[in-house]
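Under full-length UniProt numbering, the sequence shown has 36 at position 36, and the numbering climbs by one with no breaks. Beta carbons are placed, not taken as given, at the ideal position from N, Cα and C, and that holds for glycine.
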Amino acid sequence: MTTAAPGPAAHGPTVDVRLSYGPLLIGVFFNMILYGKTQVLIAQQLSFFKTTRRNPLWVTALVWGVFFVETANTAFDMAFVYQPLILEYGAVPDLFPTLFLTQPLCVIAIVFPIQLFFLWRVRTLTRLTFLPGLVLLVACTAFGGGVWTTVLVPVVAHFTGFPRLYRSAGVWLIASAAADLSIAALLAAALRSKKTGSPVTDSVLDRIIRMTVQTGLITAVFSILDVVCFLALRGDTVNFIWNIPLSKLYSNCLLSTLNAREGLMADFVAAHADLLVSESGPTFASAVSFESADDKLERGPEEYGETPTTTVAECV
1 MTTAAPGPAA HGPTVDVRLS YGPLLIGVFF NMILYGKTQV LIAQQLSFFK TTRRNPLWVT
61 ALVWGVFFVE TANTAFDMAF VYQPLILEYG AVPDLFPTLF LTQPLCVIAI VFPIQLFFLW
121 RVRTLTRLTF LPGLVLLVAC TAFGGGVWTT VLVPVVAHFT GFPRLYRSAG VWLIASAAAD
181 LSIAALLAAA LRSKKTGSPV TDSVLDRIIR MTVQTGLITA VFSILDVVCF LALRGDTVNF
241 IWNIPLSKLY SNCLLSTLNA REGLMADFVA AHADLLVSES GPTFASAVSF ESADDKLERG
301 PEEYGETPTT TVAECV
């Protein structure tokens, strides 16, 4: 008597986990790409380390702190998808992965200090307190919602308990997106108000404005997609496609802003020197033509007679 071969049900998982673990895996892929791919986080960190520009100690501490948290976050994310996909392969999705708690914890640990940094820039540029203060309240609300969500994750513990996270995560993600859009708008308005009418100065400010708006919109769009997917696709984990790489976007936004300063200032000095060369003739040209961009940067554009130098210097 022959024994019937086992059917398909005897092999592999019997539960469709694509909407439970699939978005988590895709989000981790994006997160790792943003961490190590050329010209993103690691490359930005190396560029910041090599720069000759002197930064306040607290800015250097912020950059290195963000980098170390991002490194830990990348390791945690790989571990928490390895657990359900490999160690618990075939099991019905029930408990959150053990390290799932680290995802919201790392995001708020990175996003909130970076939002404070950009609010400090707004305050420095505008000398205003009220509007940055309002945005600070929104950012603090987002931070509070993130902490609330982090505390609830081990309490909920089960995928079936996701609805209990809707309120806290909704506060967190909506407030974070609102803070990002507000910061981008305030920075753009502050930079536009610094325009002097000088073509060289205004061209540099326009570049800073474009960079500010672009980076601010990218983080805001990911935050908005995160909250929309979270609230519209309840019961699934689709929002984690946007949530997991969110901290890397903030980190790259911070580093790209800091690393662009020296290049923008050097371009400003060189462009202004070229302008004065064209106006002053060959005698002046021979005096500046053998200077390197670094020499010009060290001397500063004020030595070429630029009145709005301080405007550019404080904006970059």
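- Sorting 102, 84, 223 by C-alpha distance to the C-alpha of residue 69 places 102 at the top.
- Here residue 33 is exposed, its C-beta having fewer than 16 other C-beta atoms within 10 Å.
- Taking a contact as a CB-CB distance under 8 Å, the pair residue 197 and residue 172 does not count as one, their CB atoms being some 43 Å apart.
- Comparing C-alpha distances from residue 186 to each of 110, 164, 167, 115 shows the shortest one belongs to 115.
- The alpha carbon of residue 169 has as its nearest neighbour, out of 181, 22, 105, the alpha carbon of 105.
- Below 8 Å, enough C-beta pairs join the segment 16-24 and the segment 236-246 to call them touching: three or more.
- The count of Cβ pairs closer than 8 Å, one atom from the segment 199-212 and one from the segment 129-145, stays below three, leaving the stretches out of contact.
- Per DSSP, reduced to three states, the secondary structure at residue 128 is coil, with no helix or strand assignment.
- Taking the Cβ atoms as the reference, residue 87 lies roughly 18 Å from residue 158, outside the contact range of under 8 Å.
- Beta-bridge pairing by DSSP links residue 95 to 158.
- Comparing alpha carbon positions, the residue from 177, 138, 163, 178 closest to residue 149 is 163.
- By the Cβ test, the segment 203-215 is not in contact with the segment 64-78, since fewer than three Cβ pairs between them sit closer than 8 Å.
- Its chain contains 180, 246, 249, 250, 253 as the residues whose beta carbon lies nearer than 8 Å to that of residue 219, once the 5 sequence neighbours on both sides are disregarded; these appear in chain order.
- Counting along the chain, the unbroken alpha helix (DSSP H) around residue 167 starts and ends at 166-192.
- DSSP places residue 241 inside the alpha helix (DSSP H), whose first and last residues are 240-243.
- The shortest CA-to-CA distance from residue 151 to any of 125, 165, 139, 141 is the one to 165.
- Between residue 63 and residue 258, the CB-CB gap stays under 9 Å.
- Distance from residue 108 to residue 143 at the Cβ level is roughly 6 Å; contact confirmed, criterion being Cβ atoms closer than 8 Å.
- Contact between residue 177 and residue 227 is confirmed by a C-beta separation of about 6 Å, below the 8 Å threshold.
- Short of 6 Å from the beta carbon of residue 72, and not among the five residues preceding or following it, lies no beta carbon of its own chain.
- Counting only unbroken stretches of 4 or more residues, the alpha helix (DSSP H) elements lying wholly within the segment 194-248 are 199-232, 240-243, in sequence order.
- About 17 Å separates the Cβ atoms of residue 138 and residue 190, ruling out a contact at the 8 Å cut-off.
- In the DSSP annotation of this structure, the continuous segment of the alpha helix (DSSP H) that includes residue 70 starts and ends at 57-82.
- Taking a 10 Å sphere around the C-beta of residue 125, we find 16 or more other C-beta atoms and assign the residue as buried.
- The C-alpha of residue 99 lies about 11 Å from the C-alpha of residue 84.
- Contact annotation: residue 175 and residue 141 have beta-carbon atoms nearer than 9 Å.
- With contacts defined by Cβ atoms closer than 9 Å, residue 244 and residue 31 form a contacting pair.
- For residue 33, the uninterrupted alpha helix (DSSP H) segment begins and ends at 18-36.
- Relative to residue 205, the option among 61, 229, 260, 127 whose CA is nearest is 260.
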